[in-house]
Every structure is written in structure tokens, then in C-alpha cells.
Amino acid sequence: MNWHLITDEQIPFHIQVRTLKQCAKEVELLHVRNQHASLQRLRQQIEHLLRLGFTKQQLILNYHAEAAIAWGLGGVHLKETQLDQLQTLKKAHPNMTIGASVHDKSAAQYCADQGADYVYAGHIFDTPSKQDIPGRGLEFLQNIASHVTVPIYAIGGVTNHNAMQCLDAGAQGVAVMSAIWHSDSPKTIARQFAKGVQ
Numbered sequence: 003m004n005w006h007l008i009t010d011e012q013i014p015f016h017i018q019v020r021t022l023k024q025c026a027k028e029v030e031l032l033h034v035r036n037q038h039a040s041l042q043r044l045r046q047q048i049e050h051l052l053r054l055g056f057t058k059q060q061l062i063l064n065y066h067a068e069a070a071i072a073w074g075l076g077g078v079h080l081k082e083t084q085l086d087q088l089q090t091l092k093k094a095h096p097n098m099t100i101g102a103s104v105h106d107k108s109a110a111q112y113c114a115d116q117g118a119d120y121v122y123a124g125h126i127f128d129t130p131s132k133q134d135i136p137g138r139g140l141e142f143l144q145n146i147a148s149h150v151t152v153p154i155y156a157i158g159g160v161t162n163h164n165a166m167q168c169l170d171a172g173a174q175g176v177a178v179m180s181a182i183w184h185s186d187s188p189k190t191i192a193r194q195f196a197k198g199v200q
């Protein structure tokens, strides 16, 4: 199963590092997301992740395209408000992985037209990070996946128990947060995602 792990800025970085030491080998791509951190702090976190064994190609930096380019990282993940940068970035850096978050079919199609390598569609299931907003559901995911050629990753409340439903709905993979960071057995859960949840 294709799966991405996203860092959680609500959890202290040293706690996340402790978790990653258990499951890093199972992680396909790690999205470093902390929109409140300074670039200096993000750089320190990136360097720490590299020491843990991640390669630069495995690291996707959220929001900060220029920093991702300058640091030679594998890619950048754009917010929906940054989609106007997508085509320019892809033309200037064709070998860089560029993805984006979307919340409707038209935005997903726009990303596909502008050259995105993938999009996150969500949130699919109810999730603690968006307690006041119900999940959009599998029908929403299926509607996007069936109309857009760019790979779709389901995000929002995805666990080892519902990930296969996302793939059955047409997703190429899943993006995960709480299922790993709040797990008592992150290595086991990560391995299930890596091998394909049974």
C-alpha cells in the first residue's frame, strides 16, 4: 500500500522522534508539517530526521517551497490556497514531487491540469483534528478518484481498519497522522500500512 506519514505539530517533536525510531523503516514518505515553526527550526528538524535514517527524497516539506528546493528535499506539499504556484514550481523543478491538499473535485482537477504528482483529498472520516466538521465520506473520495487522473491519497481519520475502504473507493494510497502518532504500537501499525492492511 502507498502511504504517507504526516508530522503532527500538536505533538512535541522529540515525542515524534521517539515514535519514528520505532517505525521509520516502514515509512514511504514523511511530510514535515509545522506551519508555526521558523525555517531555522524546520531545518533543525529536517537534519534530525536525516540522522534518523530518512533520505532527503523521502522528506516532503509542507508549505515552504523555496526551503524544500534549497534544502534538496524530495518535494513540497501545497495548501489549497497555494495552488496558483503549482504549475510554475513544476516547470522549474520537474523532478521534484509536488502535491497539494484539495477538498473538492474541481480543485483536484485543477491540480491534475497544473502537473501535480498527487493530491490529498479529505477529510474522509471523522478525525480528532477536525472535531466540528464531519468527514466527507467514501462517496466523496470515489467521486474525485473516478474523475481525476492524478493519484489521489485519502486523508482524515484514516486507520489500519478503514484504509482498504479508501483504496476500494479509488484512492492510490492514504495519508496518516493519528493512526501512528496516537498508537501504542506504531511499528506494528506502520508495518500494516507498508505491507497492505489485511
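Those letters in the sequence shown? Residues 3 to 200, per this note's numbering, in order.
Using N, Cα and C, we set each Cβ at its ideal position, and we do this for glycine too.
What you are looking at is a predicted structure, and each value in this text was computed from that prediction instead of being measured.
- In the structure shown, the three-state DSSP call for T99 is strand.
- The three-state reading of DSSP puts Y155 in strand, counting E and B together.
- Buried is the label assigned to A192, since at least 16 other Cβ atoms lie within 10 Å of its Cβ.
- Going by beta carbons, G158 and I126 fall inside the 7 angstroms limit.
- Close CB contacts of Q111 within its chain, under the 6 angstroms cut and outside five residues either way in sequence, are with V150 (chain order).
- The alpha carbon of A181 has as its nearest neighbour, out of A173, D170, V199, A171, the alpha carbon of V199.
- Residue pairing by DSSP puts W5 in a beta bridge opposite V176.
- For the pair A114 and I100, the CB atoms are not nearer than the 7 angstroms cut-off.
- Membership of L32 in any alpha helix (DSSP H) is not indicated; the residue belongs instead to the beta strand (DSSP E) covering 31–34.
- For the set L91, P96, I135, Q89, the Cα lying nearest the Cα of H105 is the one of I135.
- At least 7 angstroms separates the beta-carbon of A94 from that of V78.
- The beta carbon of Q59 sits closer than 7 angstroms to the beta carbons of G76 from its chain, once the five residues preceding and following it are set aside; these are given in chain order.
- In the three-state DSSP reduction, Y112 falls in the helix class (H, G or I).
- The Cβ atoms of L61 and V178 do not sit closer than 7 angstroms to each other.
- Per DSSP, H79 is one residue of the beta strand (DSSP E) stretching across 77–80.
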